[in-house]
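Engineer: Before I ask anything, let me first share the structure, which is written out below as structure tokens.
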Amino acid sequence: MGGRYAQRAMTDPAILLRNVSKSFAAHEVLRGVDLEVAPGTIVGLLGRNGAGKTTLLEILSTLLLPTSGQAFVHGHDVATEATQVKQLVGYCPCGFDTFYPRLSAASNLEFFAALNGFSLRDGRQRLDEVFDLLGVNGNRHLDFQRHSTGMKQKLVLGRALLADPRVLLLDEPTKSLDPRTQREIWTLLRTTLVAGLKKTVLLVTHSELEAQEVCDRIIVLEDGRIAEVTRGVESLGVLQA
Amino acid sequence: MAWKAWAFFKRDLLVDLSYKLSFALEAVHILIAIAAFFFLSRLLDARTLQGYDSFAFVLVGLAVNAYMTTCLICFTQVVRDSQVSGTLKAVLVTPTSPRQFLAFSSLYPLSRAAVDAAVYGAGGLAFGLSLARVNPVPAILLFVGSMLAFSSIGMISATFIVMFKRGDPLLWLFGSGSWLLGGVMYPTDVLPQWLRPLAEFLPITHALRGLRAALLADASLGTVVTELGVLALFAAVGLPASVAIFEFGLRRARMTGTLGHQ
């Protein structure tokens with residue numbers, strides 16, 4: 001099945017889940033999730049705490065294996081073709097305690113650029129591009145631990161963008177940002193990354209406003225199942241119930 | 001690939017440099033240990049230590065035990081620190097394979113272990129150790145061979161950390177067994193007859209036997225070929241096995257969802 005999907009990578013959905021379930025011991029977190037995300041769109045993933053949103057992102061980013069079912073990114077099976085999937089995906093985890101606190105912002109991102117295959121010169125050039133894209137104007141040579149919460153959050157997003165991935169998996173990327181910066185990120189996602197660069201974004205958020213402002217489609221996960229799919233401007237009955 | 005390896009080395013160097021005092025404290029710690037064993041060696045009879053000067057005998061034992069300990073714990077430390085800092089997941093979502101992560105993360109600690117071994121040598125010189133009978137080629141080959149052999153055990157113990165987070169019995173068993181039976185502080189022939197065969201299953205026994213001969217008795221490559229062969233065998237079997245075991249552990253953690261658990 002993986003080979004067939006690989007051949008059709010250019011026309012296939014950017015993200016495809018077929019009956020994906022995930023259990024941790026006896027606790028079933030995802031229950032038979034089917035999902036297709038078209039290339040160049042932004043899909044919001046909402047749901048209460050523990051609904052399975054982060055688990056779904058971690059399966060797509062290859063950090064977790066599904067218990068059953070299959071998940072594909074541009075036709076590549078996340079379980080059997082993890083190397084290819086990693087080259088297509090940029091993952092922005094929730095929170096920013098995923099850096100080396102005593103290294104500078106630049107050193108941190110240069111390290112992750114090298115892990116993504118950049119040479120020193122190319123990595124620094126890409127870093128400049130990403131900082132420009134995010135509007136980062138703080139001192140990039142300051143230790144990561146000394147940066148503001150907003151700057152740290154932008155660096156997490158910046159790291160996901162480093163390898164110029166086709167698919168972005170974002171777990172609450174604006175959680176710690178002030179309203180103005182939040183709007184800047186929304187514009188970046190909507191206008192620059194999706195409309196301009198044709199990226200595909202799966203955005204986990206707890207903010208209905210963010211989902212409605214930014215997303216083409218909103219999916220509500222409830223108790224490990226997809227409970228509702230709406231257009232960005234439609235109401236979110238499940239969450240409001 | 002080389003740039004990626006350098007990126008790991010540079011990361012660890014920069015983090016280490018941010019704790020400037022640790023370098024100085026480690027050197028002082030080594031020098032104090034050398035001084036203590038220098039004075040203790042005055043009480044020992046050189047004839048009981050396989051014909052080597054007792055201070056030189058113990059100094060080589062301490063140096064090898066120190067870098068063996070680094071080889072054993074650096075992999076578990078890398079994994080544990082990455083789990084606690086949250087960087088393990090961030091690294092593993094990049095196109096960096098688990099074996100690259102493990103191998104490249106060990107470069108800096110192993111380099112520091114080599115520097116520490118050199119500090120032991122320099123400290124020994126200050127206390128009158130003679131380098132007149134050093135044969136560098138077999139010494140370097142034995143040093144590299146023993147590092148690879150010790151590292152294979154270290155990588156297996158890193159799998160315990162991935163799977164169980166703490167409580168690595170292998171590290172404890174191997175470290176304690178090597179200290180007790182490997183001939184670090186005394187020759188293995190002072191052990192009871194029934195314990196001596198056990199010592200032969202430990203790479204440190206062969207590393208110490210070969211290195212003492214190459215560093216203190218000008219032994220030729222031919223003289224230490226058995227020790228080199230045993231260490232090469234440990235490495236040839238242990239390294240691929242330990243990488244396979246580590247990858248199995250990671251896959252299991254991806255299944256159980258415990259990859260980043262603290």
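Protein chains in written order, with the numbering used here: chain D, 1 to 241; chain L, 1 to 262.
Even glycine gets a Cβ: it sits at the ideal position worked out from N, Cα and C.
Bear in mind the structure is a predicted one, so any value in this text is a computation, not a measurement.
1. Would you verify that the beta carbon of Gly-117 of chain D is, or is not, closer than 8 Å to some beta carbon of chain L?
2. Would a C-beta distance cut-off of 8 Å place Ala-149 of chain L and Gly-238 of chain L closer than the cut-off?
3. Within the continuous alpha helix (DSSP H) that includes Leu-103 of chain D, where are the two ends?
4. Quick one: any contact between the region 9-17 of chain L and the region 53-60 of chain D, if contact means 3 or more CB pairs under 8 Å?
5. Taking the continuous alpha helix (DSSP H) assigned at Asp-81 of chain L, which residues delimit it?
6. What residue ranges within the region 74-98 of chain D form continuous beta strand (DSSP E) runs of no fewer than 3 residues, ordered along the chain?
7. Which of the three DSSP states, helix, strand or coil, is assigned to Ala-42 of chain L?
8. Can you find a C-beta in chain L that's less than 8 Å from the C-beta of Pro-179 of chain D?
9. Are Val-214 of chain D and Asp-171 of chain D close, meaning C-beta to C-beta below 8 Å?
10. In chain L, what lies closer than 7 Å to Ala-51 of chain D by C-beta?
11. Using a Cβ-Cβ distance cut-off of 8 Å, determine whether Leu-44 of chain L contacts chain D.
12. Using the beta-carbon count (16 or more within 10 Å), is Pro-66 of chain D buried or exposed?
13. Quick one: what does DSSP say Phe-112 of chain D is sitting in, helix, strand or coil?
14. Pick out the complete alpha helix (DSSP H) segments inside the region 125-187 of chain L, 4 residues or longer, and give them in chain order.
15. Grab me the residues of Arg-190 of chain D's own chain with a C-beta within less than 6 Å of its C-beta, minus the 5 sequence neighbours each way, in chain order.
16. Quick one: list the residues of chain D neighbouring Gly-257 of chain L, beta-carbon separation under 7 Å, in chain order.
17. Can you find a CB in chain D that lies within less than 8 Å of the CB of Ala-90 of chain L?
18. Leaving aside the five residues before and after Asn-135 of chain L along the sequence, list all residues of the same chain whose C-beta is less than 7 Å from its C-beta, in chain order.
19. In whole angstroms, give me the CA-to-CA distance for Leu-59 of chain L and Phe-38 of chain L.
20. Any beta-carbon of chain L closer than 8 Å to the one on Leu-120 of chain D?
21. Starting from Val-204 of chain D, trace the beta strand (DSSP E) in both directions and tell me its first and last residue.
22. Closest Cβ-Cβ distance between Ala-14 of chain D and chain L: below 8 Å?
23. I'd like the list of long-range same chain contacts for Arg-99 of chain L, defined as Cβ closer than 8 Å, with 5 residues on each side in sequence excluded.
24. Leaving out five residues before and five after Val-233 of chain D in sequence, what residues of the same chain have Cβ atoms less than 8 Å from its Cβ?
25. Using a Cβ-Cβ distance cut-off of 8 Å, determine whether Asp-97 of chain D contacts chain L.
26. Measure how close the beta-carbons of Ala-56 of chain L and Asp-116 of chain L come, nearest whole angstrom, since I'm counting them as under 8 Å.
27. Taking the beta carbon of Glu-227 of chain L as the centre, do at least 16 other beta carbons fall within 10 Å, making it buried, or is it exposed?
28. Could you tell me whether the region 151-160 of chain L touches the region 72-88 of chain L, where touching means 3 or more Cβ pairs closer than 8 Å?
29. Leaving out five residues on either side along the sequence, give the residues of the same chain with a beta carbon under 6 Å from the beta carbon of Leu-129 of chain L.
30. Looking at the C-beta of Gly-2 of chain D, does it have a partner C-beta in chain L at a distance below 8 Å?
31. Could you tell me the distance, in whole angstroms, from the CA atom of Arg-251 of chain L to the CA atom of Met-163 of chain L?
32. In the DSSP assignment, find the unbroken alpha helix (DSSP H) run with Val-214 of chain D in it and report its ends.
33. So, do the region 202-213 of chain L and the region 107-124 of chain L have three or more beta carbon pairs nearer to each other than 8 Å?
34. Tell whether a beta-carbon distance below 8 Å holds between Leu-134 of chain D and Lys-152 of chain D.
35. Going by C-alpha distance, which of L:Phe-234, L:Gly-177, L:Val-190 and L:Leu-43 is nearest Leu-142 of chain L?
36. Against chain L, does Arg-146 of chain D count as a neighbour if the rule is that its beta carbon must be under 8 Å from one of theirs?
Structural biologist: Straight from the coordinates:
1. yes
2. yes
3. Counting along the chain, Leu-103 of chain D falls outside any alpha helix (DSSP H), and DSSP gives it neither H nor E.
4. no
5. 54-85
6. 89-92
7. For the sequence presented, residue 42 of chain L should be read as Arg rather than Ala. Coil, per DSSP.
8. no
9. no
10. Within 7 Å Cβ-Cβ: nothing; Ala-51 of chain D doesn't reach chain L, min ~15 Å.
11. no
12. buried
13. helix
14. 136-164 and 169-181
15. Val-214
16. Phe-24 and Leu-64
17. yes
18. Ala-214, Asp-218, Ala-219 and Ser-220
19. 8 Å
20. yes
21. 200-204
22. no
23. Val-243, Phe-246 and Glu-247
24. Because Val-233 of chain D sits at a pLDDT of 47, beneath the cut-off of 50, its placement in the model cannot be relied upon, and the point is left open.
25. yes
26. Actually they do not touch by this definition, with Cβ atoms about 18 Å apart.
27. buried
28. yes
29. Ala-56
30. Only weak support exists for where Gly-2 of chain D lies, its pLDDT of 41 falling under 50; the value from the coordinates is given anyway. No, its Cβ sits nowhere closer than 8 Å to a Cβ of chain L.
31. 10 Å
32. 208-214
33. no
34. no
35. L:Phe-234
36. no
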